[in-house]
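Residue numbers (my numbering), protein chains in the order written: chain A, 317 to 495; chain B, 688 to 1071.
This report refers to the structure that appears directly beneath it.
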Amino acid sequence: MSPLVFSCLFVFLFVLQNTCAEERPTEDGVKAAYLYNFGKFMRHPEADAGKNDICILGRNTIAKVLEDSKSSDKGDAHPIRNYDKAADARNCEIVYMGASESEHIEKDLAALQGSNVLTVSDVPQFLEKGGMIQLLLQNNRIRFAVNLDAVGRTNIQLSSELLKVAVYVNSSARTEDKP
Amino acid sequence: MKTSSRQRSIAARLTWMNVLVIGIALILAYVSFFAYNLIAYREATINSLTGEAQIIGENSVSAILFDDRATAQATLSALSSSRDVDAAAIYTQQNVPFALYARSSTDIIQLRPIPAKLTLAYWTHWESILIGSRIVFQGKQIGIVYIQAHLYGLHVQIVRYAAIAGAILLVCMGVALLVGSIFRRMLAQPIVSISETARMVTRYRDYSLRFSPGESYSEMQLLTVAFNEMLAEIQQRDKALAQSKDKLELRVSERTAELVAANKELEAFSYTVAHDLRGPLDTISGINYIIQHSEEQSRDDRSRQMLGRLGTSITEMTNLIDDLLNLSRSTSIGLHLVQQNIGLLASTILERLAEAEPERQVEITVHKKLLCQCRCGPHAGRHA
Chain A
317 MSPLVFSCLF
327 VFLFVLQNTC
337 AEERPTEDGV
347 KAAYLYNFGK
357 FMRHPEADAG
367 KNDICILGRN
377 TIAKVLEDSK
387 SSDKGDAHPI
397 RNYDKAADAR
407 NCEIVYMGAS
417 ESEHIEKDLA
427 ALQGSNVLTV
437 SDVPQFLEKG
447 GMIQLLLQNN
457 RIRFAVNLDA
467 VGRTNIQLSS
477 ELLKVAVYVN
487 SSARTEDKP
Chain B
688 MKTSSRQRSI
698 AARLTWMNVL
708 VIGIALILAY
718 VSFFAYNLIA
728 YREATINSLT
738 GEAQIIGENS
748 VSAILFDDRA
758 TAQATLSALS
768 SSRDVDAAAI
778 YTQQNVPFAL
788 YARSSTDIIQ
798 LRPIPAKLTL
808 AYWTHWESIL
818 IGSRIVFQGK
828 QIGIVYIQAH
838 LYGLHVQIVR
848 YAAIAGAILL
858 VCMGVALLVG
868 SIFRRMLAQP
878 IVSISETARM
888 VTRYRDYSLR
898 FSPGESYSEM
908 QLLTVAFNEM
918 LAEIQQRDKA
928 LAQSKDKLEL
938 RVSERTAELV
948 AANKELEAFS
958 YTVAHDLRGP
968 LDTISGINYI
978 IQHSEEQSRD
988 DRSRQMLGRL
998 GTSITEMTNL
1008 IDDLLNLSRS
1018 TSIGLHLVQQ
1028 NIGLLASTIL
1038 ERLAEAEPER
1048 QVEITVHKKL
1058 LCQCRCGPHA
1068 GRHA
């Protein structure tokens, strides 16, 4: 095989891979969409009616995806903020805790306690640690579970539609036992 | 024996007319109700399916947004309780199938694009209905739900309506026959009676018969009066005609008698004249014979010729008298007709005239073979 043919084949395969990748959304893309959509199925108390910030704790690639989604979805603008400390995110609508926060999840959750913030994370055993929504990977699909006990400790109300599509809604269940 | 429609009585026709009118009216009513029911049923089904499509769309919002196909599938499966729904599907905004439901493997949805400005559209094809409803969440379309249904209930409706209409039709026709048989006596009996009277009048030529309507309606009374007046008129004319006929016959018989008498008188006169002429003519003939056969040598040619002509005239006179006698008897014994050659007869008459008046120079041409022939007495032609 000549170097020219090999180069052409390589370029073709690269383009094909990129094309296929565009058709199927990335994991971060799906998680970002979920963060946007969670906001559509929750209701804040009247005092927090104006807030709609989506905040990212720690360093996470999802922040960039959220920014890109924001620019492409002009009619559905949610300010995206990135914080290193959970205490700074008490005024956010949704706080996402990425993998970088796995070591101090309990501390972050404690810092947010008492504020009407929906906490979301894909860190294992997030619900058991007091988180509200945990993103899960099931059959190559992103799903989520809800801890209603944690939600109940705030003034946030989640829509039954959201609970309907959750893989389970339980505060005491272990995430490892998910169906 | 089968009776044709023209031979049926008016009463039977009235009864059948009632039954026919009721039957047609009921069938028209059934068709109208059926058409109305078909439209109403179709509209009700469309409304019901539209509602179901919107409910499914509302319940599928979170499933679409969170890519939960199982929940969407479960939502669609609730349509299995809907008898008319064959298949349903939820498509994403990118027109990708998200969840499908089919009652059987042969039920496939034939998708159609919803017009741009509509959130809901439906397409019907006889018993098949396709509903398409956009799934809109917070002002944005996130998918489309399609429901394909079949109006299975329509067959049930048709059979049910046909059964009810058939039963009502039978009952109504039975009632119509019963009521018709009661009322037809009241309506048709006077007509039947008047036709019977007309038949009697026609058969027996008895125009003195009259129809008595009894209790009847004004139309029948008018008809009865007109009928009776017509009979009276016919009777009067018939009577006048009979009188005229009698007068005419009397007059004809009188004239015939007069004619017969005149003929008899004429016959007697002719006979008398002929008989009275025959005597002297026989005498003249005898004398002529004697003169012809006596002293024949002393007579010159002219005298001989004159005597010969006298004999010929006497013979003709005798024939003439015989013919006159025959003519006088002809009224009683009839004419004995023979065929005569007109041409020959005319030539004979012309020769006699030429001999009688030799000084006249008249040129007359008669075809001896004149084929025109007439039927007359043997000597009648010569009297012309």
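Note that beta-carbon positions come from the ideal geometry of N, C-alpha and C, so glycine has one too.
This structure is a prediction, so every number in the text was calculated from the model and none was measured.
Between the Cα of residue i and the Cα atoms of the options, which residue gives the shortest distance?
{"i": "Gly867(B)", "options": "Arg1039(B), Ala722(B), Ala1041(B) and Leu701(B)", "result": "Leu701(B)"}
{"i": "Gly744(B)", "options": "Ile726(B), Asn734(B), Leu763(B) and Asp754(B)", "result": "Leu763(B)"}
{"i": "Thr377(A)", "options": "Ser431(A), Asp424(A), Gly345(A) and Leu464(A)", "result": "Gly345(A)"}
{"i": "Asn471(A)", "options": "Phe354(A), Lys347(A) and Val433(A)", "result": "Val433(A)"}
{"i": "Ile855(B)", "options": "Asp1009(B), Ile711(B) and Gln1027(B)", "result": "Ile711(B)"}
{"i": "Asn724(B)", "options": "Ile714(B), Val832(B) and Leu841(B)", "result": "Leu841(B)"}
{"i": "Ala699(B)", "options": "Leu864(B), Ser895(B), Gln1048(B) and Phe753(B)", "result": "Leu864(B)"}
{"i": "Pro784(B)", "options": "Arg790(B), Ile796(B), Ser792(B) and Asp773(B)", "result": "Ile796(B)"}
{"i": "Trp810(B)", "options": "Lys804(B), Leu798(B) and Gly861(B)", "result": "Leu798(B)"}
{"i": "Thr779(B)", "options": "Ala761(B), Ser749(B) and Val772(B)", "result": "Ser749(B)"}
{"i": "Tyr839(B)", "options": "Ser1034(B), Val772(B) and Arg938(B)", "result": "Val772(B)"}
{"i": "Ser747(B)", "options": "Phe956(B), Ser1000(B), Ser820(B) and Tyr848(B)", "result": "Ser820(B)"}
{"i": "Ala761(B)", "options": "Gln741(B), Tyr788(B) and Leu910(B)", "result": "Tyr788(B)"}
{"i": "Ile777(B)", "options": "Asn734(B), Asp754(B), Ala727(B) and Ala722(B)", "result": "Asp754(B)"}
{"i": "Gly826(B)", "options": "Pro341(A), Lys347(A) and Lys356(A)", "result": "Lys356(A)"}
{"i": "Leu817(B)", "options": "Thr943(B), Gln922(B) and Gln835(B)", "result": "Gln835(B)"}
{"i": "Ile1008(B)", "options": "His962(B), Met993(B) and Glu1050(B)", "result": "His962(B)"}
{"i": "Lys480(A)", "options": "Ser735(B), Gln781(B), Met917(B) and Thr758(B)", "result": "Thr758(B)"}
{"i": "Ser880(B)", "options": "Leu910(B), Thr1052(B), Ile851(B) and Leu857(B)", "result": "Leu910(B)"}
{"i": "Cys399(A)", "options": "Ala461(A), Ile372(A) and Val439(A)", "result": "Residue 399(A) is actually Tyr in this sequence, not Cys. Checking every option, the nearest Cα to that of Tyr399(A) belongs to Ile372(A)."}
{"i": "Thr435(A)", "options": "Leu478(A), Glu419(A) and Val462(A)", "result": "Val462(A)"}
{"i": "His812(B)", "options": "His980(B), Met873(B), Arg989(B) and Arg729(B)", "result": "Arg729(B)"}
Residue i by DSSP, collapsed to three states: which one?
{"i": "Cys408(A)", "result": "coil"}
{"i": "Ser437(A)", "result": "strand"}
{"i": "His420(A)", "result": "helix"}
{"i": "Glu338(A)", "result": "Residue confidence is low: Glu338(A) scores 46 on pLDDT, short of 50, so the model does not pin down where it sits. No coordinate-derived value is stated."}
{"i": "Phe442(A)", "result": "coil"}
{"i": "His360(A)", "result": "coil"}
{"i": "Met448(A)", "result": "coil"}
{"i": "Gln780(B)", "result": "coil"}
{"i": "Val485(A)", "result": "strand"}
{"i": "His812(B)", "result": "strand"}
{"i": "Ala863(B)", "result": "helix"}
{"i": "Gln1048(B)", "result": "coil"}
{"i": "Leu453(A)", "result": "strand"}
{"i": "Arg490(A)", "result": "Bear in mind that the predicted position of Arg490(A) carries a pLDDT of just 45, short of 50, making it unreliable; the figure below should be weighed with that in mind. Three-state result, Arg490(A): coil."}
{"i": "Asp773(B)", "result": "strand"}
{"i": "Leu805(B)", "result": "coil"}
{"i": "Gln429(A)", "result": "coil"}
{"i": "Gln979(B)", "result": "helix"}
Along the chain, where does the alpha helix (DSSP H) that runs through residue i open and close?
{"i": "Asn507(A)", "result": "Nothing about residue 507(A) can be reported from this structure: the residues present for chain A run from 317 to 495 only."}
{"i": "Leu798(B)", "result": "No alpha helix (DSSP H) holds Leu798(B); DSSP gives it neither H nor E."}
{"i": "Leu1040(B)", "result": "Ile1029 to Ala1043"}
{"i": "Ala759(B)", "result": "Arg756 to Ser764"}
{"i": "Leu479(A)", "result": "Ser476 to Val481"}
The beta strand (DSSP E) with residue i in it runs from where to where?
{"i": "Ser815(B)", "result": "Ser815 to Phe824"}
{"i": "Val832(B)", "result": "Lys827 to His837"}
{"i": "Val462(A)", "result": "Arg457 to Val462"}
{"i": "Ile396(A)", "result": "Ile396 to Tyr399"}
{"i": "Ile751(B)", "result": "Counting along the chain, Ile751(B) falls outside any beta strand (DSSP E), though it belongs to the alpha helix (DSSP H) covering Val748 to Leu752."}
{"i": "Ile372(A)", "result": "Ile370 to Leu373"}
Hey, would you say the C-beta of residue i is under 8 angstroms away from at least one heavy atom of the ligand NAP?
{"i": "Gly819(B)", "result": "Of ligands this structure carries none, so the ligand NAP is not represented either."}
Under 8 angstroms (Cβ pairs) to chain A, residues found in the region 739-763 of chain B: Asn746, Val748, Ser749, Ala750, Leu752, Phe753, Asp754, Asp755 and Thr758
Chain A contacts made by the region 823-838 of chain B, where a contact means CB separation under 9 angstroms: Phe824, Gln825, Gly826 and Lys827
Any alpha helix (DSSP H) of 4 or more consecutive residues that is wholly inside the region 874-935 of chain B: none
Cβ-based contacts, 8 angstroms cut-off: residues of the region 342-363 of chain A near chain B: Val346, Ala349, Tyr350, Asn353, Lys356 and Phe357
Within 8 angstroms of chain B by C-beta, residues of the region 475-489 of chain A in sequence order: Ser475, Glu477, Leu478, Lys480 and Val481
Positions along the region 453-465 of chain A whose CB lies within less than 8 angstroms of some CB in chain B: Arg457, Ile458, Arg459 and Phe460
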